[in-house]
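Scroll down for the structure; my scribbles are underneath it.
Residue numbers (the numbering used here): 168 to 412.
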């Protein structure tokens, strides 16, 4: 029978055998590329920009809210059908129709991102292969048609949103259960942000002051937060992410 423990052990064995990046054939002969090293994923995706999903206020028709809502509906339908009897193979069940409607929203938004990238590349008079972000590299591959590129972008949207929300929730939960470690983390963040010249923060609680002033936390600042990275890794060790969990 299916269990998260068995899934985790199987993925760990694959990681040992094949390394942090490998291709795997799933059900219905679907090929996927598995990336297990967080540093590898970061190198691939760090230049892709932002979707706006973390804005403090999201309107119903904003890009971020539309992606979040569609992703929630897709995972809800997938979770309820993946390990149940496949009625959707016989007729268009309500969950199947829910999935299709949400998928169309994601396809439409992925297509829009692709068209925006093409326009930007043309406006800057750049060859796609000379650009350093992931989407431009996909568009430069002649062997990939637009439908396949849309599928890859959707995977980034859907799996990325779900995994990020899941992981962040458990990081916050584990910190809440360990207040001493939470205090250490707050002290680290405050110390680094207080000494960051571009923030101009003199408040006794730099982290809260930065949030209120909408100042961005830079990559250089994150690089110095070693205890924060340790907390995230420890949370992953305690609670492993799994598909449709």
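Glycine is no exception: its CB is placed at the ideal position from the N, C-alpha and C atoms.
Exercise. Near residue 394, what residues of its chain come up, given a Cβ to Cβ distance below 7 Å and the 5 sequence neighbours on each side ignored?
Worked result: 351, 352 and 355
Exercise. Should residue 443 and residue 321 be called a contact, given that it needs their Cβ atoms to be closer than 9 Å?
Worked result: Nothing can be reported for residue 443, as the shown portion of the chain is limited to 168 through 412.
Exercise. In terms of alpha-carbon separation, which member of 348, 392 and 305 lies closest to residue 358?
Worked result: The option with the nearest alpha carbon to residue 358 is 392.
Exercise. CB residue 334 to CB residue 403, shorter than 9 Å?
Worked result: yes
For this session: Determine the direct distance from the alpha carbon of residue 338 to that of residue 182, and round the result to whole angstroms.
Result: Near 23 Å, if we compare the C-alpha coordinates of residue 338 and residue 182.
Exercise. According to DSSP, what are the bridge partners of residue 355?
Worked result: Answer is none; residue 355 lacks a bridge partner.
Exercise. Looking only at C-alpha atoms, which of 325, 248 and 397 sits nearest to residue 239?
Worked result: Nearest Cα to residue 239 within the set 325, 248 and 397: 325.
Problem set entry | Alpha carbon of residue 270 to alpha carbon of residue 347, nearest angstrom | 43 Å
For this session: Whole angstroms is fine: what's the gap from residue 397's alpha carbon to residue 406's?
Result: 14 Å
For this session: Return the Cβ separation of residue 284 and residue 304 in integer angstroms, given the expectation that the two are a contact with Cβ distance under 8 Å.
Result: Actually they are not in contact, since the Cβ atoms of residue 284 and residue 304 sit about 11 Å apart, beyond 8 Å.
For this session: Classify residue 266 as buried or exposed, calling it buried when 16 or more other Cβ atoms lie within 10 Å of its own Cβ.
Result: buried
Exercise. In the structure shown, what three-state DSSP assignment does residue 233 receive?
Worked result: helix
For this session: In the DSSP assignment, find the alpha helix (DSSP H) that holds residue 333 and state where it starts and stops.
Result: Residues 313 to 344.
For this session: Report all residues from its chain with a CB closer than 7 Å to the CB of residue 319; omit the five preceding and five following residues, and keep chain order.
Result: 305
For this session: Just tell me which of 400, 401, 341 and 360 has its CA closest to the CA of residue 386.
Result: Out of 400, 401, 341 and 360, 360 has the C-alpha closest to the C-alpha of residue 386.
Exercise. Hey, how far is the Cα of residue 432 from the Cα of residue 225?
Worked result: Here the chain has residues from 168 to 412 only, and residue 432 is not among them.
Exercise. Looking at the structure shown, is residue 259 part of a helix, part of a strand, or coil, going by DSSP?
Worked result: coil
For this session: Using the Cα positions of residue 263 and residue 229, report the straight-line distance between them to the nearest angstrom.
Result: One C-alpha to the other measures close to 25 Å.
Problem set entry | Whole-number beta carbon distance between residue 235 and residue 328, since they are thought to touch under 8 Å | 6 Å
For this session: To the nearest angstrom, report how far apart residue 399 and residue 340 are at their CA atoms.
Result: Those two C-alpha atoms are separated by around 11 Å.
Problem set entry | Segment limits, alpha helix (DSSP H) that includes residue 397 | 393 to 405
Exercise. Quick one: Cα of residue 179 to Cα of residue 185, how far?
Worked result: 10 Å
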